[in-house]
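Written out below as structure tokens is the structure these notes cover.
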């Protein structure tokens with residue numbers, strides 16, 4: 001189906017560096033925002049890996065009919081592994097479907113039991129890949145951070161950028 005094709009990476013397993021393109025009308029709204037939401041408040045949800053908290057919030061906010069994006073701030077996407085010293089680590093831009101397939105191959109029973117496969121099933125339905133906040137230049141009206149250190153990194157990132165809108169970060 002067309003929906004499956006949109007989720008499939010050009011080369012399965014290769015990271016995608018960017019998933020956002022400007023809208024055809026030149027606005028900075030999400031390209032998938034319906035016309036009735038153009039000009040609506042733009043939300044961003046941010047956690048460490050763009051896997052759990054930010055994706056659940058993204059899912060809920062989008063279900064409410066609002067324009068939403070989600071991000072992580074870490075250097076990599078980290079998920080629990082078979083032990084605390086053996087996490088599963090992926091690059092941002094690695095498709096959720098690839099991560100899900102990799103975890104199924106590694107130990108489907110473990111990752112079903114700990115809820116990772118169910119979480120990834122949800123993520124695949126929300127968007128294609130985890131994105132890193134520091135690499136996105138999308139404009140947002142409201143940014144929700146799920147930890148103090150995530151907030152600090154978001155503010156630091158925004159303050160380091162050239163201010164194009166002349167709006168305060170806080």
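In the UniProt record's numbering, the protein residues as written are 1 to 170. For glycine and all other residues, C-beta sits at the position ideal for the given N, C-alpha and C. On a predicted model such as this, the values are computed, not experimentally measured, just so you know.
According to DSSP, simplified to helix, strand and coil, what is residue i?
| i | result |
| --- | --- |
| residue 43 | strand |
| residue 53 | helix |
| residue 88 | strand |
| residue 62 | helix |
| residue 126 | helix |
| residue 167 | coil |
Applying the criterion that 16 or more other CB atoms from any shown protein chain within 10 Å of the CB defines a buried residue, is residue i buried or exposed?
| i | result |
| --- | --- |
| residue 43 | buried |
| residue 97 | buried |
| residue 131 | buried |
| residue 83 | exposed |
| residue 139 | exposed |
| residue 74 | buried |
| residue 149 | exposed |
| residue 57 | buried |
| residue 125 | exposed |
| residue 127 | buried |
| residue 115 | exposed |
| residue 142 | exposed |
| residue 161 | exposed |
| residue 61 | buried |
| residue 137 | exposed |
Give me the Cβ distance between residue i and residue j, rounded to the nearest whole Å; I'm assuming they're in contact under 8 Å.
| i | j | result |
| --- | --- | --- |
| residue 144 | residue 95 | About 24 Å; that fails the 8 Å criterion. |
| residue 103 | residue 123 | Not confirmed; about 12 Å, so no contact. |
| residue 146 | residue 69 | Contact flag wrong, Cβ pair sits at about 14 Å. |
| residue 45 | residue 119 | Residue 45 to residue 119, Cβ: 15 Å. No contact. |
Output the boundary residues of the alpha helix (DSSP H) element that contains residue i.
| i | result |
| --- | --- |
| residue 159 | 148-160 |
| residue 99 | 96-113 |
For residue i, report the span of its beta strand (DSSP E) as first-last.
| i | result |
| --- | --- |
| residue 79 | 77-79 |
| residue 74 | Per DSSP, residue 74 belongs to no beta strand (DSSP E) and is neither H nor E. |
In chain order, what residues of the same chain have a beta carbon less than 8 Å from the beta carbon of residue i, not counting five sequence neighbours either side?
| i | result |
| --- | --- |
| residue 66 | 37, 40, 41 and 43 |
| residue 26 | Since pLDDT at residue 26 reaches only 35, below the 50 mark, its modelled position is unreliable, and no value is offered. |
Leaving out the 5 sequence neighbours to the left and right, which residues in its chain are closer than 7 Å to residue i when beta-carbon positions are compared?
| i | result |
| --- | --- |
| residue 90 | 76, 77 and 99 |
| residue 107 | 82 |
| residue 157 | 133 and 134 |
Less than 6 Å between C-beta atoms, sequence neighbours within five positions excluded: which residues of the same chain meet that for residue i?
| i | result |
| --- | --- |
| residue 49 | 72, 74, 77 and 78 |
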